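Positions in the sequence shown are counted from 1; adding 19 to them yields the numbering used here.
Glycine is no exception: its CB is placed at the ideal position from the N, C-alpha and C atoms.
Owing to the predicted nature of the structure, the values given are computational and were not obtained by experimental measurement.
First the structure, in the form of C-alpha cells, and then the observations on it.
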Amino acid sequence: MASNTTRLRPIETGELFAQDRETGRIKRFWRRLFSYRALYLMFIPGLIVLILNNYLPISGVVIAFKNVNYIDGPFGSPWVGFRNFEFLFNNPDAFRAIRNTVGYSLTFMIMTTMMSVSVALLFNELRSKYAARFYQSLMILPYFLSMVVVSYLVFAFLSPQGGFLGGVMSRFDIQQVDWYTSPEYWPYLLVLITLWKGVGYNSIIYIAGITGIDTEYYEAAVIDGASRWHQALYITLPMIRPLIIILTLLSMANIFISDFGLFYQVTLNSGMLYNTTDVIDTFVYRALIKLNDIGMSSAAALIQSVVGFILVLSSNLVVRRISKEDALF
C-alpha cells in the first residue's frame, strides 16, 4: 500500500499544479476584465447592436429557398429549392441590372480611391491647420446628406422647367437637354454625384493614415533635396499603400451591391433611364412591388452577399500571393 501511495503522489502533484494554474488564469482574466471595465461597458452596446442587426437576421436566409406566404409565416412556408433564384437568371432585364451594378461599383471604387488619395495628399500640403480643417469639414458635409436631399439638389440643377443648369444653357444659347429622359448622360452624372458625396469622407481616412507617418522620413528627404512631389510619390504613397489595399479589399464586398437611393431617388425612377441606371437593387424592388414575392428578393440579396464574400476572399488571396504583409488575413 505504501508503494502504491508513493507512485500516485507525482500524479496528484501534477493535478494540483494544473488546478492552481487554471485558477490563476481565471483570476487574471477577471482582474484584467475589471481593470478595463470602462472600455468593456462602452463595447457592450455596440456588440448588442451588431448581434441584433447583423447576426440574428442570418436565420432569414432560409426565406430565399421558400415560397413565403403570410399565413404560414416565413419559417412555416413550403420549400421550393432554387426556384426563387431562377428569376434573376431567366429574366433578360436582370442581366442588364447585373451589368450596370458591376460596372458602376468598379467605377465608383476606382474613381473614389484615386480622388480620395489625391485630396488627402493635397490636404497634407496645406500649412495652415485652420484652412485644412475648414476644407475638410466642407468636403465631408455632403457625406451626411441623405439621398432624398441629394435628389432634390440634383433636380434643382437638372429640372427641365426652371433648373439652374437649364437657365445657364439658355443664357448661352445652348440647346437644353431633358436630363431625365436622356440615359446617355447619367453614367457621368452618377459618377460625379458619388464622388461629390463620398470623396470627402474617404479622404479623411487617408489623411489619418498620412498623419501617422514618421516625420523623420520627410526630414531626411528634405536634406537629400527631394521636392514635395517626390516626397508624396516616394514616401507618402508607399506608406499608405497597406491602407489603400485594405479599403479596396473591403470595397470588393460591395461589387454586387449598389446605393438604392442613388439609382432610385436621384434618377426619379425614370423608366427612360433604365438602360443605364437600373441595378440589382432597383430591379428587385420593382419586382417585389409587382409580384409581392419575398422569397425572390431574399434570393437576390443572398446572391449579392455570397458573391461579395467570394470576391473578398479571392482578392485577399491574390494580394497575399503578391505581398503577404498587405493582406487582410
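Closest by C-alpha distance to Thr120, out of Val136, Ile276, Phe48 and Met315, is Ile276. Take the alpha-carbon of Phe279 and the one of Ser165: they are about 11 Å apart. Closest in alpha carbon position to Lys216, among Tyr162, Ser201 and Ala240, is Tyr162. Our two residues, Ile223 and Ala139, have alpha carbons roughly 7 Å apart in a direct line.
Residue pairing for Lys85: DSSP places it in a beta bridge opposite Trp98. Put simply, of Leu330, Ile308, Val298 and Leu287 the residue whose alpha carbon is nearest the alpha carbon of Val168 is Leu287. Pro179: not part of any alpha helix (DSSP H); DSSP gives it neither H nor E. Contact between the stretch 236–247 and the stretch 310–319 is not established, with fewer than three Cβ pairs separated by less than 8 Å. The C-alpha of Trp49 lies about 14 Å from the C-alpha of Leu58. Close CB contacts of Val303 within its chain, under the 7 Å cut and outside five residues either way in sequence, are with Ser316 and Ala319 (chain order). Around the beta carbon of Gly181, fewer than 16 other beta carbons sit within 10 angstroms, so the residue counts as exposed. Close CB contacts of Gly185 within its chain, under the 6 Å cut and outside five residues either way in sequence, are with Gln195 (chain order).
Taking Gln323 as the centre and dropping the five residues before and after it, the same chain places the C-beta of Phe275 and Ile276 closer than 6 Å to its C-beta, in chain order. Contact check for Gly219 and Met128: beta-carbon distance about 16 Å, past the 8 Å limit, so the pair fails to qualify. The three-state reading of DSSP puts Ser277 in coil, since its state is none of H, G, I, E or B. Straight through space, the alpha carbons of Glu203 and Met130 are spaced by roughly 19 Å.
Straight across, the Cα-Cα distance linking Lys343 with Met258 is about 16 Å. Listed in chain order, the non-local C-beta contacts of Asp345 below 6 Å within the same chain comprise Pro261, Ile264 and Val338, local neighbours out to five positions each way being set aside. Taking a C-beta distance under 8 Å as the contact criterion, Tyr199 and Ser289 qualify as a contact pair.
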